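Residue numbers (the numbering used here): 457 to 519.
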C-alpha cells in the first residue's frame, strides 16, 4: 500500500483559492465591456457566430 504524505499545514486549501481567483478573472475577461459600444468579448464572439451562421446558411441554399 502506498502511503500518502500529509500536506504542510500552511498549504492546505490553497487550490480552492486559486480556482476561485482564476474563475473570477475568466468571467471578468469574458463579460466585462471592452469596446466603445460596451460590448464584451462574449458579445463579440456571439456576433461572430451569428454572422458566420448567416453566411453559411446562404451558401448552403445556393444550388
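Ideal Cβ positions, reconstructed from N, Cα and C, are used throughout, including at glycine.
Predicted model only: the values in this text are computed from it and were never measured.
Roughly how many angstroms separate the alpha carbons of residue 497 and residue 470, rounded to a whole number?
Taking the first residue of the chain shown as position 1, residue 497 is located at position 41. Taking the first residue of the chain shown as position 1, residue 470 is located at position 14. The alpha-carbon atoms of residue 497 and residue 470 are separated by roughly 29 Å.
Along the chain, where does the alpha helix (DSSP H) that runs through residue 476 open and close?
Residue mapping note: residue 476 aligns to position 20 of the chain shown, counting from 1. That run of the alpha helix (DSSP H) goes 470 to 487.
Bridge partners of residue 496, per DSSP?
Taking the chain shown and counting its residues from 1, the one referred to as residue 496 is at position 40. Beta-bridge annotation (DSSP): residue 496 is paired with 489.
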